[in-house]
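Residue numbers (our numbering), protein chains in the order written: chain C, 1 to 111; chain S, 112 to 222; chain Z, 223 to 367; chain H, 368 to 512.
One structure is given below, encoded as structure tokens.
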Amino acid sequence: MSIDLKLDKAGDAVTLSVNGDIDMSSSTKMRDALAPLFHTDNKVVVVDLSGVSYIDSSGIATLVEGLQWSHNSKNKFRLAALTPGVKDVFEIARLLTVFEVFETKELALAP
Amino acid sequence: MSIDLKLDKAGDAVTLSVNGDIDMSSSTKMRDALAPLFHTDNKVVVVDLSGVSYIDSSGIATLVEGLQWSHNSKNKFRLAALTPGVKDVFEIARLLTVFEVFETKELALAP
Amino acid sequence: MSQPIKLSIPSDPKYLGLIRKVLQELLDSSDVPDDTARRLILCVDEACANVIKHSYEGSCDEPIEATFTIAGDDFKVQIRDYGKQCDLSQIKPRDLEDIKPGGLGTHFINEIMDDVSYCTNRTKGTLLTMIKKIKTGLTSTQNKG
Amino acid sequence: MSQPIKLSIPSDPKYLGLIRKVLQELLDSSDVPDDTARRLILCVDEACANVIKHSYEGSCDEPIEATFTIAGDDFKVQIRDYGKQCDLSQIKPRDLEDIKPGGLGTHFINEIMDDVSYCTNRTKGTLLTMIKKIKTGLTSTQNKG
Ligand SMILES: Nc1ncnc2c1ncn2[C@@H]1O[C@H](COP(=O)(O)OP(=O)(O)O)[C@@H](O)[C@H]1O
Ligand SMILES: Nc1ncnc2c1ncn2[C@@H]1O[C@H](COP(=O)(O)OP(=O)(O)O)[C@@H](O)[C@H]1O
Numbered sequence: 001m002s003i004d005l006k007l008d009k010a011g012d013a014v015t016l017s018v019n020g021d022i023d024m025s026s027s028t029k030m031r032d033a034l035a036p037l038f039h040t041d042n043k044v045v046v047v048d049l050s051g052v053s054y055i056d057s058s059g060i061a062t063l064v065e066g067l068q069w070s071h072n073s074k075n076k077f078r079l080a081a082l083t084p085g086v087k088d089v090f091e092i093a094r095l096l097t098v099f100e101v102f103e104t105k106e107l108a109l110a111p
Numbered sequence: 112m113s114i115d116l117k118l119d120k121a122g123d124a125v126t127l128s129v130n131g132d133i134d135m136s137s138s139t140k141m142r143d144a145l146a147p148l149f150h151t152d153n154k155v156v157v158v159d160l161s162g163v164s165y166i167d168s169s170g171i172a173t174l175v176e177g178l179q180w181s182h183n184s185k186n187k188f189r190l191a192a193l194t195p196g197v198k199d200v201f202e203i204a205r206l207l208t209v210f211e212v213f214e215t216k217e218l219a220l221a222p
Numbered sequence: 223m224s225q226p227i228k229l230s231i232p233s234d235p236k237y238l239g240l241i242r243k244v245l246q247e248l249l250d251s252s253d254v255p256d257d258t259a260r261r262l263i264l265c266v267d268e269a270c271a272n273v274i275k276h277s278y279e280g281s282c283d284e285p286i287e288a289t290f291t292i293a294g295d296d297f298k299v300q301i302r303d304y305g306k307q308c309d310l311s312q313i314k315p316r317d318l319e320d321i322k323p324g325g326l327g328t329h330f331i332n333e334i335m336d337d338v339s340y341c342t343n344r345t346k347g348t349l350l351t352m353i354k355k356i357k358t359g360l361t362s363t364q365n366k367g
Numbered sequence: 368m369s370q371p372i373k374l375s376i377p378s379d380p381k382y383l384g385l386i387r388k389v390l391q392e393l394l395d396s397s398d399v400p401d402d403t404a405r406r407l408i409l410c411v412d413e414a415c416a417n418v419i420k421h422s423y424e425g426s427c428d429e430p431i432e433a434t435f436t437i438a439g440d441d442f443k444v445q446i447r448d449y450g451k452q453c454d455l456s457q458i459k460p461r462d463l464e465d466i467k468p469g470g471l472g473t474h475f476i477n478e479i480m481d482d483v484s485y486c487t488n489r490t491k492g493t494l495l496t497m498i499k500k501i502k503t504g505l506t507s508t509q510n511k512g
């Protein structure tokens, strides 16, 4: 039930691809991978959620933290490829408009 | 959790392909499909188990019945494409040698 | 179904996936539409996470008991813990205008469920009852037709 | 894990898949090898099927309670029913030489499990306890190494 994480650096953008359910038992792992990305010279930090069909409030909380880290570090923070299940959770949280959300990882990486 | 069944008639052979878990809740459905095949002019009745990863004693019991029906009707009764899980259950039941078992459906249908 | 399905797990976040699987399986077999199932699963997950965090304060080896009943159009889930009882007025979502991490779980539960009640009227722990009117396979087919 | 996982289902064959799923998930998360998991799942399925057939005589709305405990190398499962108690000497597999349908469930259980005991020493129903020494992920890695 744990998540798999993959990091992809291309130019001054970095993508964190998440695979699996993001819940209370796995969101810390995502947080630990995400936090350091804002300390480096990445202009754009993308979280690719195409492999995530379930996210709970602890996952959303981590992404909200990402938003705060990006404000502090002046890096862009983008979400890509939300599955319908994940999108629904963002909508119930009324947070879909707070994030920069892209249909695909490629679109999120476009300058 | 129910099984899907497919019937394929070719010449004087008929194949019943089973998909899903065969347990107490689904073995009757397989039995209902299997029984009539011995009442017709099928020389060979094949049960293709490639889509079955789980079988319990009620499923095995139905196949043992098939064996008895085939003895009574003089039709051949063959099993094809046992997955490792299903094979293991036949072995614990010491029934693997009692059946005519083939690696693939094609081999089971070869004259 | 008058006999409910009950699942009891230790208060360890690693078992939340198990409880989601059980519920998914149960809702599937009752032909509850996928999007409804997803939301119900979210509520149960959040309620159990809150029990772990707040009632058991992170202790991983205490019991959480979930009881699922589908009766007619009603899906009812009860979550029982034996941990710290709290002032029920404390259980409330954060103001959504204020974008910050945390405080979303109870918002999800209140938003999705039709009826939510916490009962601490017992020697130990809390019983949370959540009810949702659902369209099962049968009902939604009739609606489509 | 000292808190066990408990699952209670109605005595309807349609819930056997649910109990298998839960056990699969639990054994997976404890890194029990696939082939061992498969056999343990078979035993639990057979035991529950026997409860439905023999203890409840086909009645679909009575409770079956399964309790799973993994402690060290021991996997323990208990199946509790509240149905007809039987003469325990009646619970036995058929002679395997005699090829005929039926009578295999208890054979599977006896063959796979290390310890099987039925207890009817209660007002209603039976408690079946099955124990199997298992190699968890850790143990089997050590063996490979
Ligand atoms: N089961 C519970 N027991 C005690 N307090 C709870 C429980 N569930 C929620 N609460 C209280 O309600 C608040 C809001 O919960 P929630 O919306 O899930 O957000 P979070 O858990 O992230 O704080 C919690 O901070 C806590 O004070
Ligand atoms: N839970 C049970 N309660 C009462 N009798 C049982 C139970 N389980 C098994 N038995 C008895 O043991 C016999 C053998 O069981 P089993 O090997 O599972 O085969 P089957 O159920 O196909 O007869 C059954 O026919 C029944 O008489």
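C-beta atoms are modelled at their ideal positions from N, C-alpha and C, and glycine is treated no differently.
Any beta-carbon of chain H closer than 8 angstroms to the one on residue i?
i                  : result
Glu-247 of chain Z : yes
Arg-205 of chain S : yes
Gly-122 of chain S : no
Gly-347 of chain Z : no
Ala-192 of chain S : no
Looking at the C-beta of residue i, does it have a partner C-beta in chain C at a distance below 8 angstroms?
i                  : result
Val-330 of chain Z : The question names Val, yet the displayed sequence has Phe at residue 330 of chain Z. True, the Cβ-Cβ gap to chain C drops below 8 angstroms.
Gly-239 of chain Z : yes
What is the rounded straight-line gap between the Cα of residue i and the Cα of residue j?
i                  : j                  : result
Phe-102 of chain C : Val-46 of chain C  : 10 angstroms
Ser-112 of chain C : Asp-267 of chain Z : Nothing in the structure corresponds to residue 112 of chain C, since chain C is present only between 1 and 111.
Val-418 of chain H : Gly-450 of chain H : 8 angstroms
Val-89 of chain C  : Phe-330 of chain Z : 8 angstroms
Thr-28 of chain C  : Ile-3 of chain C   : 10 angstroms
Asp-395 of chain H : Leu-109 of chain C : 37 angstroms
Leu-383 of chain H : Cys-410 of chain H : 12 angstroms
Gly-425 of chain H : Pro-380 of chain H : 9 angstroms
Arg-205 of chain S : Lys-6 of chain C   : 47 angstroms
Leu-318 of chain Z : Lys-275 of chain Z : 21 angstroms
Lys-519 of chain H : Gln-452 of chain H : Summary: the structure shown does not reach residue 519 of chain H, with chain H confined to residues 368 through 512, and so no result is reported for it.
Gln-391 of chain H : Gly-51 of chain C  : 22 angstroms
Arg-406 of chain H : Ile-479 of chain H : 7 angstroms
Thr-97 of chain C  : Asp-401 of chain H : 44 angstroms
Pro-226 of chain Z : Lys-357 of chain Z : 19 angstroms
Leu-63 of chain C  : Phe-99 of chain C  : 9 angstroms
Lys-74 of chain C  : Gly-196 of chain S : 55 angstroms
Val-18 of chain C  : Leu-49 of chain C  : 6 angstroms
Going by the DSSP bridge assignment, what does residue i pair with across the sheet?
i                  : result
Lys-117 of chain S : S:Ser-128
Ile-466 of chain H : Paired residues: none, contrary to the question.
Gly-51 of chain C  : C:Asn-19
Phe-102 of chain C : C:Ala-80
Glu-432 of chain H : H:Ser-375, H:Arg-447
Met-497 of chain H : H:Val-444, H:Val-483
Residues of chain Z with CB closer than 8 angstroms to the CB of residue i, please, in chain order.
i                  : result
Asp-88 of chain C  : Asp-257, Arg-260, Arg-261
Glu-103 of chain C : Result: empty, since nearest Cβ-Cβ is about 20 angstroms, beyond 8 angstroms.
Any heavy atom of ligand 4 inside 7 angstroms of the beta-carbon of residue i?
i                  : result
Asn-343 of chain Z : This structure lacks ligand 4; the ligands present are ligand 1 and ligand 2.
For residue i, decide whether its Cβ has a neighbour in chain S, counting only Cβ atoms nearer than 8 angstroms.
i                  : result
Lys-381 of chain H : yes
Pro-468 of chain H : yes
Gly-472 of chain H : yes
At a CB-CB cut-off below 8 angstroms, which residues of chain S make contact with residue i?
i                  : result
Leu-455 of chain H : Going along chain S, no residue has its Cβ under 8 angstroms from Leu-455 of chain H, so there is no contact; the nearest lies around 20 angstroms.
Please check if any C-beta of chain Z sits within less than 8 angstroms of the C-beta of residue i.
i                  : result
Gln-370 of chain H : yes
Pro-430 of chain H : yes
Gly-51 of chain C  : no
Leu-515 of chain H : Missing from the structure shown is residue 515 of chain H; chain H here goes from 368 to 512 and no further.
Ser-396 of chain H : yes
Ala-33 of chain C  : no
Val-98 of chain C  : yes
Val-483 of chain H : no
Ala-108 of chain C : no
Val-389 of chain H : yes
Pro-377 of chain H : yes
Listing by chain order, which chain H residues have their CB less than 7 angstroms from the CB of residue i?
i                  : result
Glu-333 of chain Z : Simply none; closest approach about 28 angstroms.
Counting only Cβ pairs nearer than 7 angstroms, list the residues of chain C close to residue i.
i                  : result
Asp-267 of chain Z : Asp-23, Asp-56
Leu-350 of chain Z : Here the premise fails: no neighbours, minimum Cβ distance about 16 angstroms.
Which chain C residues sit within Cβ distance under 8 angstroms of residue i?
i                  : result
Ala-271 of chain Z : Asp-23, Met-24, Asp-56, Ser-57, Ser-58
At a CB-CB cut-off below 8 angstroms, which residues of chain H make contact with residue i?
i                  : result
Glu-176 of chain S : Pro-468
For residue i, go through chain Z and note every residue whose CB falls closer than 9 angstroms to its CB, in chain order.
i                  : result
Val-444 of chain H : Neighbours of Val-444 of chain H on chain Z: none; closest Cβ ~14 angstroms, over 9 angstroms.
key: At least 3 beta-carbon pairs within less than 8 angstroms: the region 43-59 of chain C vs the region 20-29 of chain C   = Result yes; three or more Cβ-Cβ pairs closer than 8 angstroms.
ask   = Using 8 angstroms as the Cβ pair cut-off and three pairs as the minimum, do the region 494-502 of chain H and the region 436-446 of chain H touch?
value = Flag = yes, the region 494-502 of chain H and the region 436-446 of chain H touch.
task = Assess, as a yes-or-no matter, whether the region 476-486 of chain H is touched by the region 189-196 of chain S under the definition of 3 or more beta carbon pairs within less than 8 angstroms.
result = With the cut-off at 8 angstroms, the region 189-196 of chain S and the region 476-486 of chain H do not touch.
inquiry  = Under 8 angstroms: do the region 376-385 of chain H and the region 419-430 of chain H share three or more Cβ pairs, one atom per stretch?
reply    = Two segments are said to touch when three or more pairs of C-beta atoms, one from each, lie closer than 8 angstroms; by this definition the region 376-385 of chain H touches the region 419-430 of chain H.
ask   = Does the region 252-260 of chain Z touch the region 319-329 of chain Z, meaning 3 or more C-beta pairs lie closer than 8 angstroms?
value = The region 319-329 of chain Z makes no contact with the region 252-260 of chain Z, as fewer than three CB pairs between them are under 8 angstroms.
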